[in-house]
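Residue numbers (this note's numbering), protein chains in the order written: chain U, 949 to 1132; chain D, 949 to 1132.
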């Protein structure tokens, strides 16, 4: 499990010995519950408790915009912001020659099917701004380009509250090249 | 001096006792040299060794673009990137009600004079993306707007190599609202 080392694992194992039977059963049930009831949404491949997820079933959301992300965690991060009101599409990874992840391991065909079969006006590609995320974004752009919809990418630049002095050169370079006209 | 506390200052003071006369004189000369020979550039108010600075005198640079920054350190950061080929204007601070910095304490009149008296096509406002930097950018925008030139601001968004999961909400919000169409 992430961030659990050998020592912590040992402490956790011993603590289970001190549990009452009821407490141990509650933990067992909780784990079984996750495996049984939390499934993937069959449309966006996000997390759901059986059937469509809470985003896909929310009719207040704009179903003409899809934001393509790498994993569940990105959905959680974007939902925290509350600005984004469209739907998601979770790829479950990024293209990576090094780790042998090709297009067939990601939910890419399902994405093109969605774009082909429903009225999508915009596809926001929100893979992470690192090498593999960029390569995946480029691949998706070339794939979706013939489908006549707006394809956009999250903005690169200075983080809010940042300082030029402590900003890395790659980010500064993007902040300069991506500068925007100021408006009233 | 920044990042020098009481203990370090004491150690530095004692180490000067151990200097030879020549070494002490070299340090004295170096400090005097900085004060005597390093002056402000009379045009952009950046650092120069007497007269115009190395950026203002470089005729390979694009004199129709001015990048407005808070301090010398921002100039150094932007020069490291090597993408920017225009000139600078160093404000020497930002507007701050809290610290009693008003427009008259900054090099703002000098900026409008430069814009009025030379052929400037674009003004990139590169104050830091924090509260005071933003307020200063807004002020400058309103001041320069009637002068018929392009006024732009560095891009806000995800830093290069960043990860959605660890990006603060303000930055994510800017990255979504500032998203850009992908091109070939």
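Note that beta-carbon positions come from the ideal geometry of N, C-alpha and C, so glycine has one too. Here the structure is a predicted model, which is why all the values come from computation and not from measurement.
Residue i: first and last residue of the uninterrupted beta strand (DSSP E) it sits in
i              : result
residue 1043/U : That residue, residue 1043/U, is in no beta strand (DSSP E); it is neither H nor E in DSSP.
residue 1033/U : From DSSP, residue 1033/U is part of no beta strand (DSSP E); its letter is neither H nor E.
residue 1072/D : 1070-1073
residue 1010/U : 1010-1017
residue 1066/D : Neither: residue 1066/D is in no beta strand (DSSP E) and is coded neither H nor E.
Chain B contact residues for residue i, given Cβ-Cβ distances below 7 Å
i              : result
residue 1083/U : Structure shown: chain B not included; protein chains present are U and D.
Range covered by the alpha helix (DSSP H) that runs through residue i
i              : result
residue 970/D  : 969-985
residue 1006/U : Element bounds for residue 1006/U: n/a, residue is neither H nor E.
Beta-carbon proximity list for residue i, same chain, < 6 Å, skipping 5 on both sides
i              : result
residue 1014/D : 1035, 1037, 1068 and 1071
residue 1041/U : 1049 and 1054
residue 989/U  : 996, 1000, 1001 and 1004
Chain-order list of residues whose beta-carbon lies under 7 Å from that of residue i (same chain, five-residue window excluded)
i              : result
residue 1076/U : 1018
residue 1090/D : none
residue 1033/D : 1009 and 1010
residue 1101/D : 1073 and 1085
residue 1123/U : 1105 and 1106
residue 997/U  : 985 and 986
residue 956/U  : none
Reduced DSSP secondary structure (H/G/I, E/B, other) of residue i
i              : result
residue 1122/U : helix
residue 996/U  : strand
residue 1081/U : helix
residue 1128/U : strand
residue 1029/U : helix
residue 1176/U : For chain U, the structure presents residues 949 to 1132; residue 1176/U sits outside this window and is missing.
residue 1095/D : helix
residue 949/D  : coil
residue 1055/U : coil
residue 963/D  : helix
Among the options, the one whose alpha carbon lies nearest that of residue i
i              : options                           : result
residue 985/D  : 1118/D, 999/D and 1032/D          : 999/D
residue 1061/U : 1047/U, 1117/U and 1095/U         : 1095/U
residue 1081/U : 1120/U, 1022/U, 1028/U and 989/U  : 1022/U
residue 1059/D : 1016/D, 1049/D, 1048/D and 1044/D : 1016/D
residue 1020/U : 1012/U, 1031/U, 1003/U and 955/U  : 1003/U
residue 1039/U : 960/U, 1127/U and 1049/U          : 1049/U
residue 1117/U : 1007/D, 1024/D and 955/D          : 1024/D
residue 1115/U : 1125/D, 1130/D and 1029/D         : 1029/D
residue 1126/D : 1007/U, 1103/U and 1120/U         : 1103/U
residue 1063/U : 1046/U, 1097/U, 1045/U and 1047/U : 1097/U
residue 1120/U : 1121/D, 1129/D, 1047/D and 1027/D : 1027/D
Same chain only: Cβ atoms within 8 Å of residue i, ignoring 5 sequence neighbours per side
i              : result
residue 1093/D : 1099
residue 1043/U : 1049, 1050, 1051, 1054, 1080, 1083, 1084 and 1087
residue 952/D  : 960
residue 1012/D : 1034, 1067, 1068, 1069 and 1070
residue 975/D  : 964 and 967
residue 1046/D : none
Residue i CB to nearest heavy atom of the ligand HEM below 7 Å
i             : result
residue 992/U : Among the components modelled here there is no ligand, and therefore nothing to report on the ligand HEM.
Item checked: Contact between the region 990-1000 of chain U and the region 959-966 of chain U (3+ Cβ pairs under 8 Å) -> no
Next item on the list: Decide yes or no for the touch test of the region 1103-1118 of chain U against the region 1051-1058 of chain U: beta carbon pairs closer than 8 Å, at least 3 of them.
Entry: no
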